[in-house]
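Protein chains in written order, with my numbering: chain A, 2 to 131; chain B, 2 to 131.
Structure, as structure tokens:
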DNA sequence: TCTGTTCTTTTACAAACGTAAAAGTTATTG
DNA sequence: CAATAACTTTTACGTTTGTAAAAGAACAGA
């Protein structure tokens, strides 16, 4: 999958947050506060996203309505998998260890995660990809 | 912490893999196969890493010996935390869910992770940051 | 229909990145 | 010591990224 730059990803995230195809203004409204861009800036990112196959614009009057062509979970899964591979050779435990050892994730978080994994394991055998 | 570009990170990883301060040649030897760069390319990345405070070079004869100034786990923890925040708002379960739902992590991996978390929880209460 | 407003598209430009040639310096060896 | 080999430093250049002004198209109200 094509990779996104930081800004492109922020735009895409805002669009996903809209929950449905959205126009420029709606997307802008969902952007984090530190993204107070000129209109043309945002539209340029949307154009780059279109070229990368992440959105399809559709004219509606003089406005464009943008539809996401990649699902959020698909993108996030791919990016996280790449991250995991790049930094930890694919070892999940190593990643969690790093997060814990640098105080980025608390004991409580880890416990919650453990419980989540247990429940998932119990009720979702369809995730056995081995 | 200063962020690293992809290439800079690869160089840093190679240096970490050396396990001790290392010269250009040793670092080059640890680089992944797809990084067959000219000498000056690698040295340039090392210079950029120096400017970002990640390594300190020390002349030894006409060679430079590079010492890492940032520990691997510190860097990895920070990058993973940023990743987690950026894509999942800090929710570990969401990240694991995305990895599992896109088939990037198997049921067995998840089980292993759950066991790891349990053992960590049992024997390492010093990781309680709440 | 004229004109101001709202949108988009095109063009632009500086900074960061990937990559390496050229130039300069130190070591080595015949 | 002269010539060559090994290294590093400096300079360079095309691409991608962040950001927006300028230019062009469509709409809405007087």
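Note that CB positions come from ideal geometry on N, CA and C, so glycine has one too.
Look at the beta carbons and you see the segment 36–56 of chain B not touching the segment 84–104 of chain B: under three pairs across the two are nearer than 8 angstroms. For residue 108 (chain A), the closest C-alpha among the options B:82, B:55, B:7 and B:118 is that of B:118.
When only Cα atoms are considered, residue 4 (chain A) and residue 56 (chain A) end up about 14 angstroms apart. At a C-beta separation below 7 angstroms, residue 78 (chain A) has these neighbours in chain B: 99, 100, 102, 103 and 105. For residue 106 (chain A), the three-state secondary structure derived from DSSP is coil. Excluding its 5 nearest sequence neighbours in each direction, residue 79 (chain A) has C-beta neighbours in its own chain below 6 angstroms: 2, listed in chain order. With three or more CB-CB distances shorter than 8 angstroms, the segment 95–103 of chain A counts as touching the segment 67–78 of chain B.
For the pair residue 66 (chain A) and residue 103 (chain B), the Cα-to-Cα distance works out to about 28 angstroms. Contact annotation: in the segment 42–65 of chain A, no residue has its CB less than 9 angstroms from a CB in chain B.
With the criterion set as a beta carbon lying under 8 angstroms from some beta carbon of chain B, the members of the segment 108–120 of chain A are 108, 109, 110, 111, 112, 113, 114, 115, 117, 118 and 119, in sequence order. Non-local beta-carbon contacts of residue 36 (chain B) in its own chain, meaning distances under 7 angstroms to residues more than five positions away in sequence, involve 11 in chain order.
The alpha carbon of residue 53 (chain A) has as its nearest neighbour, out of A:31, A:13, A:26 and A:63, the alpha carbon of A:13.
Residue 57 (chain A) sits in a strand when the DSSP states are folded into three classes. From the listed residues B:21, B:115, B:123 and B:121, the smallest Cα separation to residue 69 (chain B) is found for B:21. Under the three-state reduction of DSSP output, residue 45 (chain A) falls in the helix class. Neighbourhood of residue 2 (chain B) in chain A, by CB distance below 7 angstroms: empty, with the nearest CB roughly 11 angstroms away. Residue contact check for residue 93 (chain A) against chain B: a CB pair falls below 7 angstroms. Taking CB atoms only, residue 123 (chain A) has no neighbour in chain B less than 7 angstroms away.
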